[in-house]
Structures are given as C-alpha cells and as structure tokens.
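Student:
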Amino acid sequence: MQLLPSLMCVCVFLLPIQRVTFKYDGSTIVPGEQGAEYQDFIQECTDDVRLFAFVRFTTGDAMSKRSKFALITWIGENVSGLQRAKTGTDKTLVKEVVQNFAKEFVISDRKELEEDFIKSELKKAGGANYDAQTE
Numbered sequence: 263m264q265l266l267p268s269l270m271c272v273c274v275f276l277l278p279i280q281r282v283t284f285k286y287d288g289s290t291i292v293p294g295e296q297g298a299e300y301q302d303f304i305q306e307c308t309d310d311v312r313l314f315a316f317v318r319f320t321t322g323d324a325m326s327k328r329s330k331f332a333l334i335t336w337i338g339e340n341v342s343g344l345q346r347a348k349t350g351t352d353k354t355l356v357k358e359v360v361q362n363f364a365k366e367f368v369i370s371d372r373k374e375l376e377e378d379f380i381k382s383e384l385k386k387a388g389g390a391n392y393d394a395q396t397e
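Counted the way the working numbering counts, the sequence shown spans residues 263 to 397.
1) Judging by CA-CA distance, which residue of Leu384, Gly343, Thr335, Phe379 is the nearest neighbour of Leu313?
2) For Lys327, which residues of its own chain have a beta-carbon under 8 Å away from its beta-carbon, when the five flanking residues on both sides are left out?
3) By Cβ distance, which residues of its chain are closer than 6 Å to Val368, with the 5 residues on each side in sequence left out?
4) Taking the CB atoms as reference points, tell me whether Lys365 and Leu384 lie closer together than 8 Å.
5) Please classify Ala347 as buried or exposed, where buried requires at least 16 neighbouring CB atoms within 10 angstroms.
6) Where Gln305 and Ile337 are concerned, what is the direct C-alpha to C-alpha distance, given to the nearest angstrom?
7) If you draw a straight line from the alpha carbon of Lys330 to that of Glu377, how long is it in whole angstroms?
8) So the candidates are Asp287, Lys373, Phe303; which of them puts its Cα closest to the Cα of Leu333?
9) State the DSSP-derived secondary structure class of Ser329, mapped to helix, strand or coil.
10) Out of Val282, Gln301, Phe379, Gly350, state which residue places its alpha-carbon closest to the alpha-carbon of Val292.
11) Please tell me whether Gln301 and Ile279 are closer than 8 Å, where the distance is taken between their beta carbons.
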C-alpha cells in the first residue's frame, strides 16, 4: 500500500515530521500532506473535506516525556451523508496500515481539533498520571 512510506516518516523519531494525512483522490485514499507543525494540519481540515491523520504528540510529566500517536478522522460539516458513511468503512483500510495509536478521534467540530484537547485526551488514555503530586 502506498501509504506506508508516509506513515514511517512519523514513526521515525529522528525526523521532524510529526504528522501525515491521508486524503481522498476520487474514491481512492492517497497520502496527503506531512509536516512538523500540527497547526498546518488544522488548516487542511476544511468544511468540504474528509481525511485521516496519523499524528505524533509528545506527552508525559515532569519525570518523563514520551511520544503518543493519535489517529484522527476529520469529516467536514459540508460533507454529504453518503460520504460520511463511506468514511467509516474506509477507515478500516487506513487501520490496516496505521495500527499503533493511543487513541482514535472522529472529529467534525474544529474546536475538538485544538492541540491541547487532543493532548489531554491522550494523557487520559495513557493511564496513571504521576504528575498529580504537583497539582
């Protein structure tokens, strides 16, 4: 599958690439943009597109930092009902390639794309919070 090279760029920690998107070219899912800035990904999420993103976030507490991966499915507000439904079934194809992630998100509201929201959800999914002593 041609999605693998883009996916590997996110997983190699020595590279500055922190995210890769997979978009539709007609009915085919193809590699989209990749880059180091999460804000650039947010700009791709317009009301008329649907796409998938594999994103690396750095999380952790004062004692340790670690990378957590998120699989984000973006479905814009103006995407038709039929395309919305097809996105759900197409996601299984993406998951054949993107297999290791801490949390999966299906988002249609731009507020839920905020980096702090995603990181807080990843932190919750990570289990024990040893930074709680400082709260």
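Virtual Cβ for every residue (Gly too), placed ideally from N, Cα, C.
Small disclaimer: the values here were computed from a predicted structure and weren't measured.
Tutor: Working from what's here:
1) Thr335
2) Thr320, Thr321
3) Thr335
4) yes
5) exposed
6) 13 Å
7) 13 Å
8) Phe303
9) strand
10) Val282
11) no
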